[in-house]
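Trainee: For the sequence shown, the residue numbers in my numbering are 16 to 318.
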Amino acid sequence: MGTFINGETAGASAIAIDSISKTYIGKKRVRVEALKDVSLTVGLGEVFGFLGPNGAGKSTTIKCLVGLMRPTKGTATIMGESIPSIASRRNIGYLPENPSFYDYLSAEEYIRFVGSAFQMPADELTRKSEEVLKLLELWDARKRPIRSYSKGMVQRVGLAQVLVHDPDVYILDEPMSGLDPLGRSLVKEIISDLKRRGKTVFFSTHIIDDVEKICDRVGIISGGVLKSVEHVDRILEQGVTGYTITAQNDKGETLILSVDRDGLGDKLTSLATVGCTVSLIEPVRKNLERFFLDIIKESNGPE
Ligand SMILES: Nc1ncnc2c1ncn2[C@@H]1O[C@H](COP(=O)(O)OP(=O)(O)OP(=O)(O)O)[C@@H](O)[C@H]1O
């Protein structure tokens, strides 16, 4: 196995990527090194956010995992099955970036098509397709051809086809893309519900806020290199840079003071000495956005 960077899970892995590299040979034989020696594991039942700027290599990683392209070097397994293989694909629900479907089909026809490709029994397929079409709020439009759908509705068909065969592992390329705030919140609820049911979710995004709310861990990729893997709650805990103190003096006036991380104790003592009453202490955090931007900035800096 390749060398893993920090933040790996100790338990069994649902996804294990071992030193994957991918070089595209473009027009005029121009080589693009889209992935450079990426190693990563995602634990069973984990929600993992794959965060990176445009062109970082997120979709390339995902396409390798779901068997749409072969890595130039390296291997990976999904639930212990090597990729690419039918066995590994059977266990995956995959949402492509900007999905497009046979648009003369209705959502209901398309979902049934996907379910039958996964060899779902007819009665289970009927039950599950109703369930996912209702969940994604496509039930009323289910008989209309997909070509008449809005962008957000097409994205929701993409999510419905991911869920219909109830796989163990969900690989989602920008699942919130093209959705309005209600749609985004629905997707977050769906991901949280998958986690409650012990499923594994690996999704790519540019949106830091989505990672902060629903992910157990985040991997940051830039220029085809995996820069960092960390537990989201650890980033938030370690990110305390100082405190804001709200206090009242003996004249009843409110004071708002900032202190750095190490200065809290001394400041509280000095406030007590001058007769101030402290009513609130709030941590000031280096949030995930700062963490992300610092890593990207570092990786864009001088070699
Ligand atoms: N078929 C291809 N031929 C040549 N280069 C490609 C091809 N597909 C992707 N690339 C290049 O590989 C790099 C990684 O692209 P990739 O689509 O994986 O990034 P991404 O992180 O998913 O970006 P985005 O967030 O913009 O979708 C980019 O430099 C991209 O231009």
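For every residue, glycine included, the Cβ atom is placed at its ideal position computed from N, Cα and C. These numbers were taken from a predicted model, which means no experiment stands behind them.
Give a single yes or no on whether G193 has its beta carbon closer than 7 Å to a heavy atom of ligand 1.
Mentor: Reading the sequence shown from its first residue, position 178 is the one you call residue 193. No.
Trainee: Can you give me the Cβ contacts of T71 inside the same chain, cut-off strictly under 6 Å, excluding the 5 residues immediately before and after it?
Mentor: Within the sequence shown, residue 71 is the residue found at index 56, counting from 1. The sequence as given places Ala at residue 71; Thr does not occur at that position. Excluding positions up to five away in sequence, the list reads I236 and S237.
Trainee: Have a look at the DSSP bridge pairing and note the partners of V202.
Mentor: Working through the sequence shown from its first residue, we reach residue 202 at position 187. According to DSSP, which records beta bridges pairwise, V202 is partnered with nothing at all.
Trainee: Quick check on Y39: does DSSP put it in helix, strand or coil?
Mentor: To locate residue 39, count along the sequence shown from 1; it is residue 24. Strand.
Trainee: Leaving out five residues before and five after V216 in sequence, what residues of the same chain have Cβ atoms less than 6 Å from its Cβ?
Mentor: Here residue 216 corresponds to residue number 201 of the sequence shown, with the count starting at 1. Excluding residues within five positions, the ones whose Cβ falls inside 6 Å are V62, Y185, I206 and L209.
Trainee: What do you reckon, are the CB atoms on T259 and S273 nearer than 8 Å?
Mentor: Numbered from its first residue, the sequence shown carries residue 259 at position 244. Numbered from its first residue, the sequence shown carries residue 273 at position 258. Yes. Within cutoff.
Trainee: Do S219 and F116 have their beta-carbon atoms positioned less than 8 Å apart in this structure?
Mentor: Here residue 116 refers to the residue found at position 101 when the sequence shown is read from its first residue. Here residue 219 refers to the residue found at position 204 when the sequence shown is read from its first residue. Against a cut-off of 8 Å, the Cβ pair of S219 and F116 comes out as no contact.
Trainee: What residues in its chain sit with their C-beta under 6 Å from that of S103, if we drop five residues either side in the sequence?
Mentor: The sequence position of residue 103 within the sequence shown is 88, counting from 1. I93 and E96.
Trainee: Can you determine whether any heavy atom of ligand 1 sits closer than 7 Å to the C-beta of E245, and answer yes or no?
Mentor: Mapped onto the sequence shown, residue 245 falls at position 230. No - ligand 1 has no heavy atom lying nearer than 7 Å to the Cβ of E245.
Trainee: Tell me which residue opens and which closes the beta strand (DSSP E) that I260 is part of.
Mentor: Taking the first residue of the sequence shown as position 1, residue 260 is located at position 245. Looking at the DSSP string, the run of the beta strand (DSSP E) that includes I260 is V255 to Q263.
Trainee: Would a C-beta distance cut-off of 8 Å place V179 and L187 closer than the cut-off?
Mentor: The count along the sequence shown starts at 1 and reaches residue 179 at position 164. The count along the sequence shown starts at 1 and reaches residue 187 at position 172. For V179 and L187, no; Cβs fall outside 8 Å.
Trainee: Rounded to a whole number of angstroms, what is the C-alpha to C-alpha distance between L150 and L110?
Mentor: Within the sequence shown, numbered from 1, the residue matching residue 150 stands at position 135. Within the sequence shown, numbered from 1, the residue matching residue 110 stands at position 95. Roughly 16 Å between the two C-alpha positions.
Trainee: Alpha helix (DSSP H) containing I236: first to last residue?
Mentor: As a first step, residue 236 is located in the sequence shown; it is residue number 221 there, counting from the start. I236 -> not in any alpha helix (DSSP H); beta strand (DSSP E) instead, spanning R232 to S237.
Trainee: Whose C-alpha, out of I311, P182 and S165, is nearest the C-alpha of G193?
Mentor: Working through the sequence shown from its first residue, we reach residue 193 at position 178. For G193, the nearest C-alpha among the options comes from S165.
Trainee: With C-beta atoms as the reference, is L319 less than 8 Å away from I250?
Mentor: The shown model of the chain, from 16 to 318, leaves out residue 319, and the question about it has no answer.
Trainee: Quickly, what does DSSP pair P298 with across the bridge? List them, please.
Mentor: Translated into the one-based positions of the sequence shown, residue 298 becomes position 283. Bridge partners of P298: Y258.
Trainee: Measure the alpha-carbon distance for S294 versus V247 and round it to whole angstroms.
Mentor: Indexing the sequence shown from 1 puts residue 294 at position 279. Indexing the sequence shown from 1 puts residue 247 at position 232. Their backbone Cα atoms lie some 29 Å apart in a straight line.
Trainee: From the DSSP output, read off the bridge partner residues of S219.
Mentor: Reading the sequence shown from its first residue, position 204 is the one you call residue 219. Per DSSP, F65 and D188.
Trainee: Could you tell me if S144 is buried or exposed, where buried requires 16 or more neighbouring beta carbons within 10 angstroms of its beta carbon?
Mentor: As a first step, residue 144 must be located in the sequence shown, where it is residue number 129. By the neighbour-count rule (16 or more Cβ atoms within 10 Å), S144 is buried.
Trainee: Give me the Cβ distance between S131 and L140, rounded to the nearest whole Å; I'm assuming they're in contact under 8 Å.
Mentor: Translated into the one-based positions of the sequence shown, residue 131 becomes position 116. Translated into the one-based positions of the sequence shown, residue 140 becomes position 125. The pair is a contact, with the Cβ atoms about 7 Å apart (cut-off 8 Å).
Trainee: By Cβ distance, which residues of its chain are closer than 7 Å to G41, with the 5 residues on each side in sequence left out?
Mentor: Taking the first residue of the sequence shown as 1, we reach residue 41 at position 26. Cβ within range, chain order: V47.
Trainee: Any heavy atom of ligand 1 closer than 7 Å to the Cβ of G41?
Mentor: Stepping through the sequence shown from its first residue, residue 41 is reached at position 26. Yes.
Trainee: Ends of the beta strand (DSSP E) at G95?
Mentor: Within the sequence shown, numbered from 1, the residue matching residue 95 stands at position 80. First-last for G95: undefined, no H or E at that position.
Trainee: What is the DSSP secondary structure of T292, counted as helix, strand or coil?
Mentor: What you label residue 292 is simply residue 277 of the sequence shown in a count that begins at 1. Of the three classes helix, strand and coil, the one that applies to T292 here is strand, per DSSP.
Trainee: Can you round the beta-carbon distance between R211 and G254 to whole angstroms, since I take them to be within the 8 Å contact cut?
Mentor: Looking up residue 211 in the sequence shown gives position 196. Looking up residue 254 in the sequence shown gives position 239. With a Cβ gap of about 27 Å, R211 and G254 do not count as contacting.
Trainee: Name the two residues that bound the continuous beta strand (DSSP E) containing V179.
Mentor: Along the sequence shown, one-based indexing puts residue 179 at 164. No beta strand (DSSP E) holds V179; DSSP gives it neither H nor E.
Trainee: DSSP on K242, reduced to helix/strand/coil?
Mentor: Here the question's residue 242 lines up with position 227 in the sequence shown. Of the three classes helix, strand and coil, the one that applies to K242 here is strand, per DSSP.
Trainee: Tell me which same chain residues have a C-beta within less than 7 Å of the C-beta of I311, skipping the five on either side of it?
Mentor: Here residue 311 refers to the residue found at position 296 of the sequence shown. Answer for I311: P68 and S237, listed in chain order.
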